[in-house]
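Numbering (this note's numbering), first residue to last: 2 to 321. Below: one structure, written as C-alpha cells.
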Amino acid sequence: MKAGTAKAGCLLNPMGGQVRKRAASIRQALHAIPDLIVCEAQDAASFGTAITQLLQADIDLLVIVAGDGTTHAIFGHLFAARAPADWPLIMIVPGGTTNMTPLDLGMQGKPEPIIQRLHQYLRQPTAPHLVQRPVLRIEQPGIPAIYGMFFAVGLVARGVKFSRSPVKQIGITGGIFTALIMLRSLFGMLFGHQQSAWSPVTLTLTEANGRTYRGTYLFALVSALHCLLLNIRPYWGKEPEPLHVTLVDQQHKRLWRSLWPLLSGGGQVLQEKDGYYSHNTARMTIEMDDEYIVDGELYRSAPQSPITIAATEPVTFLVL
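This is the structure in C-alpha cells:
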C-alpha cells in the first residue's frame, strides 16, 4: 500500500463503548477523509455484510473503529473470505469498552486524534509503521472456527462474564472498566474458590511438543498479544514460538507474594513446583467442560470435544 494513493474503507461500530460517547466527533473525523468508504455495523449479520462490501471495493486499508469484541467478529469474517496474505492492511482504532488489541499494537490516544493522523498519513506519503501478530485459530467440533487474540478460562473468564453484568451498562469504559474487572477477578482468585460462580477450571492442556498439564487451575490463558490491558504481562516463557500460555494451579503457593511478578512481566522468578506455569508454543489442545472467553466473547466447551488452538500466519497492522 502506498500512502497518498491508498483506497481505504472503515467499519464503525456505533455501539462501541468509546464510540457511543463520542459518536458525532468520530463521524466528523471519518467523513473529513476524502473517498473513505464508511460502513456502520453493530451485530454479526451487519459485520459480515460490511466486510463483504469493503472487500469487494478492493480496499488497500481496512480501518476498524470498535472494541475487542467487534474486531474478534471481523477476524472471523476476514479469515472465512481470504487468506491473510490477501487481506487489506488492518488498522484498529480503539473505539470499544475494552481495546486490548490496538493498545498492544501501540495505538495510543482517543479515536479522533488517531483518525486525524490517518487523514494526514493518507494525504502525504510516509514510511508506515507496521506491526505483525498471529491470530489464534480456535477449533471445536460442531462449530465454525473462532479467531481472536486472547483466550482464557477459569477466573479470568469469570471476570469477563461479570463484566457483562450491569457494570457494563452504566457506561464505564477504558482503564476504569478494566480495573473493575481485574479487582473482581483478583477477589475471586484470592477468596472465591468456594463460590461456584468463581470456581477454578479442571482441564488437560497438551502443547505441540507433548508437554501436558492436567489438573485444576485458577486460570489458564493463551494469547498472541505481548501485553494485556493495564500493561499486564503474565508471561515468562522463553521458547521462540508465537503463542503465550500461562496457568496457575489451584494448589499454588505464596499467591500474595506472587501477584506482582505474575502480572508485571517478572514471572521468571515463579516456579512450576509452586504452581506457576508459562511457556510459548504454536499449537495446543485443551480438554475441559467449562466456559471460555475469546476477546471478551463468551463460549462453552463440551465434554469429549477437545479444543484446538493454533497460531495463524501473521497479520499486518498499521499503527499511527
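Just so it is clear, CB atoms sit at the ideal spot from N, CA and C, and this is done for glycine as well. These numbers were taken from a predicted model, which means no experiment stands behind them.
Just so you know, the alpha carbons of GLY216 and PRO241 end up roughly 26 Å apart.
Residue environment analysis places ARG255 among the exposed positions, since fewer than 16 neighbouring C-beta atoms fall within 10 angstroms of its C-beta.
Nearest to PRO112 by alpha-carbon distance, out of VAL66, GLY155, GLY266 and GLN272, is VAL66.
Counting only unbroken stretches of 4 or more residues, the alpha helix (DSSP H) elements lying wholly within the region 111-163 are 112-124, in sequence order. Fewer than three pairs of CB atoms, one per stretch, sit closer than 8 Å, so the region 26-34 makes no contact with the region 42-51. Runs of the beta strand (DSSP E) lying entirely within the region 51-119 and spanning at least 3 residues, in chain order: 62-67 and 90-95. When Cβ pairs closer than 8 Å are counted between the two stretches, the region 298-307 is seen to touch the region 135-145, the count reaching three or more. CA-CA distance, MET92 to LEU62, rounds to 7 Å. Across the set VAL20, ASP69 and PRO89, the C-alpha of PRO89 shows the shortest separation from the C-alpha of THR53.
If you draw a 10 Å sphere on the C-beta of LEU119, you find 16 or more other C-beta atoms in it, and that means buried. If you check the CB distance, LEU131 and THR317 come in under 8 Å. Contact check between the region 94-109 and the region 13-30: three or more CB pairs, one atom from each, fall below 8 Å, which counts as touching. Each residue's CA atom was taken as its position, placing PRO114 and THR6 some 21 Å apart. Under the rule that a run must span 4 or more residues, the alpha helix (DSSP H) segments found entirely inside the region 195-276 read 256-265. Shown here for ILE233: same chain residues with a beta carbon closer than 6 Å to its own, the five before and five after excluded, namely LEU264 in chain order.
Of the other Cβ atoms in all chains shown, 16 or more fall within 10 Å of the Cβ of SER259; this residue is therefore buried. Under the DSSP definition of a beta bridge, GLY10 partners with ILE38 and LEU63. According to the DSSP assignment, LEU299 belongs to the beta strand (DSSP E) that extends over 298-301. The continuous beta strand (DSSP E) containing ALA311 extends over residues 308-312. Residue environment: TRP261 is assigned as exposed (fewer than 16 neighbouring CB atoms within 10 Å of its CB, all protein chains considered). Between the beta-carbon of ALA312 and that of LEU244 there is about 5 Å, and that keeps the pair under the 8 Å contact cut.
The C-beta distance from ALA74 to PHE48 rounds to 5 Å, short enough to meet the 8 Å contact threshold. Around GLY18, the same chain offers GLY68, GLY97, THR98 and THR174 as residues with beta carbons nearer than 7 Å, after the five sequence neighbours per side are excluded. Across the set MET101, VAL295, LEU319 and GLU208, the C-alpha of VAL295 shows the shortest separation from the C-alpha of VAL154.
In the three-state scheme derived from DSSP, where H, G and I count as helix and E and B as strand, ARG28 is classed as helix.
Taking 8 Å as the cut-off, the Cβ atoms of PHE80 and TYR122 do not count as close.
Burial of GLY160 is indicated by the presence of at least 16 other C-beta atoms within 10 angstroms of its C-beta. Assigned with DSSP and collapsed to three states, ARG284 falls in strand.
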